[in-house]
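**Student:** I have a structure I would like to understand better, so I am pasting it below and will then ask my questions one at a time.
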Amino acid sequence: MVAVKIPEYEPDSGVLAVGRYNTNALRPQLTQLFTIQKRLRLLACIALLSIGSISLILSYMYTSTILTFIGLGLMLWGVMTLNISRTRYVHEEAVHGISVSTIKSLDAILAALSNTGSLLFFHPRHLKGLKQGYIFLSYDGVLRIPREEDLEKEKIFYDEPKGALLVAPNQGIVDILEKKLNVNFATVDLAYLQRSIPRVLVDDLRIVDDFSIISDENEKKHVRIQISGKMVADVCELLSKETKLGSKLGCPICSSFALIVSKVFGKPVVIRESIVRDSTISTTFEVLDL
């Protein structure tokens, strides 16, 4: 996989963008590279199976134990090469449909509780908190979460502040990223995310075309991400139009990153703004001092 890393710095604004990858310009070359790689694997598989078969035939003709072991070994490696090189792909339409329907269902539940409230993403500090992210729907829009001793009771509805607590729906994406990077996000800083997250999303998982994390060095309360990719942008735009809390809940990528930021800073996070334009998502998160 080939990736281009383009760090950007805007001296006038004091904004540093690190970890920006863009594979759009290299898409034709990447497609050709994947095609060549697939053909080479197939040729290697055919060669191993062919030579292995010939060795087994000769071992039978000449009663040779050495040729038998050579043939079996080559046949084994040929079969392994064939299975290892087999990759399964999921159509974008399937991912699009699953994501949209799931978020719509959750939005209907949250809107029934309060369609004017605020959504806070956070990780409780108690034992299970570091492994699982939550969202808290504050009915009256007040940016507060229940006390830690109340959260340990693991209730759904709370009176102080008045709201509902739910398991974050996109915790799975956070778990995948931590597994890929072999790290707990609670032990790293924002600079690590800027270096590592784009590589995983663009190069390894290939679910976006471009991803960057932008933060103001002089003001730590706000973090902005910029995502390029038609599928994720279409999902984000559709959810913002067809759901009541879509701009607060975010698309799967944005809401999962809200959980990541919350885990890194150890504080609740809200989505302040999410704009979709020309297959690009720009989302701003605010870290709350609670």
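Here my numbering is used: the sequence shown runs in plain steps of one and ends on residue 300.
Backbone N, C-alpha and C fix where the C-beta goes; we use that ideal spot for every residue, glycine too.
This structure is a prediction, so every number in the text was calculated from the model and none was measured.
1. For the alpha helix (DSSP H) that contains A243, what are its first and last residues?
2. Need the endpoints of the alpha helix (DSSP H) that V184 sits in, please.
3. Closest to Y168 by CA distance: which of T78, L147, R282 is it?
4. Here's a check: name, in chain order, each residue in its chain whose Cβ is nearer than 6 Å to the Cβ of L66, leaving out the five neighbours to either side.
5. For my contact list, E252 and K114 are in at a C-beta cut-off of 8 Å; report their separation, rounded to the angstrom.
6. Is it the case that the Cβ atoms of V274 and F195 are separated by a distance below 7 Å?
7. Identify the continuous beta strand (DSSP E) that holds R282 and give its terminal residues.
8. Using alpha carbons as the reference points, say which of H232, K190, A201, S225 lies closest to D213.
9. Pick out whichever of S222, L175, L86, K48 has its Cα sitting closest to the Cα of S63.
10. Which word fits A57, buried or exposed, when buried means at least 16 other C-beta atoms lie within 10 angstroms of its C-beta?
11. Which same chain residues end up closer than 7 Å to A121 when comparing Cβ atoms and leaving out the 5 residues on each side of it in sequence?
**Tutor:** Inspection of the coordinates gives the following:
1. 240 to 252
2. 181 to 191
3. L147
4. G81
5. 7 Å
6. yes
7. 279 to 287
8. K190
9. L86
10. exposed
11. K254, L255
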